[in-house]
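Anchor point for the sequence shown: position 47 equals 47 in our numbering, and the numbering is continuous, going up by one each time. One structure is given below, encoded as structure tokens.
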Amino acid sequence: MQQNLIILAGLSHSGKDLLFSQILKLGRAEPGLRLRENLIYYEWLNRSFKGNEDSYFEKALPALKEKLYLKINTLIYVHDISYQVLDDLANDFKEVYFDIKKVNKDFQVILIVNRGHLIPNELERTKIHKKVENHLQQLIPQEITSYIVSLKGTDQQRMTNLVFTQIANKAVDFTKNLKKKRDSSIKIPNDKQLKKIKKILKEKMDDYGFSGAYLIGHNQDILIAAGKSEGWETKVGPQIIRMLAQFHVFDLGPQFQADIIRIEDFVMIAKRINAENKIILIGRESIFKYDEEPYPRIEESCLDITTDILEILK
Numbered sequence: 001m002q003q004n005l006i007i008l009a010g011l012s013h014s015g016k017d018l019l020f021s022q023i024l025k026l027g028r029a030e031p032g033l034r035l036r037e038n039l040i041y042y043e044w045l046n047r048s049f050k051g052n053e054d055s056y057f058e059k060a061l062p063a064l065k066e067k068l069y070l071k072i073n074t075l076i077y078v079h080d081i082s083y084q085v086l087d088d089l090a091n092d093f094k095e096v097y098f099d100i101k102k103v104n105k106d107f108q109v110i111l112i113v114n115r116g117h118l119i120p121n122e123l124e125r126t127k128i129h130k131k132v133e134n135h136l137q138q139l140i141p142q143e144i145t146s147y148i149v150s151l152k153g154t155d156q157q158r159m160t161n162l163v164f165t166q167i168a169n170k171a172v173d174f175t176k177n178l179k180k181k182r183d184s185s186i187k188i189p190n191d192k193q194l195k196k197i198k199k200i201l202k203e204k205m206d207d208y209g210f211s212g213a214y215l216i217g218h219n220q221d222i223l224i225a226a227g228k229s230e231g232w233e234t235k236v237g238p239q240i241i242r243m244l245a246q247f248h249v250f251d252l253g254p255q256f257q258a259d260i261i262r263i264e265d266f267v268m269i270a271k272r273i274n275a276e277n278k279i280i281l282i283g284r285e286s287i288f289k290y291d292e293e294p295y296p297r298i299e300e301s302c303l304d305i306t307t308d309i310l311e312i313l314k
């Protein structure tokens, strides 16, 4: 899945105001970065908000949570220099880091030490900065890039703007390089494999009552279309898939078994096969209405199909 420029911020103390004011300011100055539409910020990311009824993220469906986690390419922790040492929010940040790591191995971590002007002595400021960085490094087992920033004074603001521009560009470059790396390692099914997979999709689709079955590639292209009619193979199914793909409906995390979507009388189920491919099955819900437990059965049928396809792709 292609990752967007989405910055998920772990906040401490003054982090919220700093991050938002700076991102919005940078978004106005650099519209090409599309920061305002690509930034995701969750105040309730921290576990301190876990009991809060407004903590939507904690109550999100596992599939939605994984979709969001997969889109993250830059995880930022903001720390107020006046507190000198990290507090409990750093442990919250660590928990979130490992939650994301379960489904997304490719994102960078950045530490921002805010309000640097409060420690005018450069040697002391550097010492605190290093202490905070080392502490966070003990919690987060990967390379961390860190900056000291301040919004007080013209020079400090200018420097902070440069830092945030650098962070944004770093996130864009990270995504581009990651895409190149993934594209170079992608294995595309050969003609013989595609022929076998189409046969399986056609047979299983009929067995389980679906009208169309589709193998989707890493770039969201339809590699195989199997349908009960030519219209389902060339028009109906592909149109539905393209429409929903625009809204990232079929973005799937590797841990989630299947994603079932209902729109009007259509039932669509998506299941990831491997890092590059997924299948999407489409049928009319009325077919399953008289089944006592239709959705568990649909998930089982989908798992059955993906197991067969995995054998072919080995």
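We put the beta carbon where it would ideally sit given N, CA and C, even for glycine.
#### Entry: Alpha-carbon to alpha-carbon, residue 126 and residue 217
Approximately 48 Å between the Cα atoms of the pair.
### Task
On the DSSP bridge assignment, give the partners of residue 271 in chain order.
DSSP lists 279 as the beta-bridge partner residues of residue 271.
### Task
Flag this pair as yes or no: are the beta carbons of residue 363 and residue 205 separated by less than 8 Å?
The displayed coordinates of the chain run from 1 to 314. Any statement about residue 363 would go beyond what the structure contains.
### Query
With burial defined as no fewer than 16 other Cβ atoms inside 10 Å of the residue's Cβ, what is the status of residue 237: buried or exposed?
That one is buried.
### Which of helix, strand or coil DSSP assigns to residue 158
DSSP, reduced to helix, strand and coil, places residue 158 within a helical segment of the structure shown.
### Message
Would residue 269 and residue 306 be called neighbours here (beta carbons separated by less than 8 Å)?
### Response
Taking 8 Å as the Cβ cut-off, residue 269 and residue 306 do not qualify as a contacting pair.
### Task
Please check if any C-beta of chain B sits within less than 8 Å of the C-beta of residue 168.
Among the chains of the structure shown, chain B does not appear; only one protein chain is present.
### Task
Report the option in 119, 98, 116 whose CA atom is closest to the CA atom of residue 109.
Comparing Cα-Cα distances from residue 109 to each of 119, 98, 116, the minimum goes to 98.
#### Entry: Per DSSP, the bridge partner or partners of residue 146
Residue 146 pairs with 111.
### Query
Considering only C-alpha positions, which residue in the set 231, 76, 156, 194 is nearest to residue 96?
The residue among 231, 76, 156, 194 with its C-alpha nearest the C-alpha of residue 96 is 76.
### Message
Please report the straight-line C-alpha distance between residue 189 and residue 122, rounded to a whole angstrom.
### Response
Each residue's CA atom was taken as its position, placing residue 189 and residue 122 some 58 Å apart.
### Message
Is it buried or exposed, residue 94, if we count other Cβ atoms within 10 angstroms and call 16 or more buried?
### Response
By the 10 Å Cβ count, residue 94 comes out buried.
### Query
When you compare only the Cα positions, how much space is there between residue 207 and residue 201?
C-alpha separation (whole angstroms): 10 Å.
### Query
Is residue 132 near residue 149, with beta carbons less than 8 Å apart?
Their beta carbons are not under 8 Å apart, which means residue 132 does not touch residue 149 by this criterion.
### Where the beta strand (DSSP E) containing residue 119 begins and where it ends
Here residue 119 belongs to no beta strand (DSSP E), and DSSP marks it neither H nor E.
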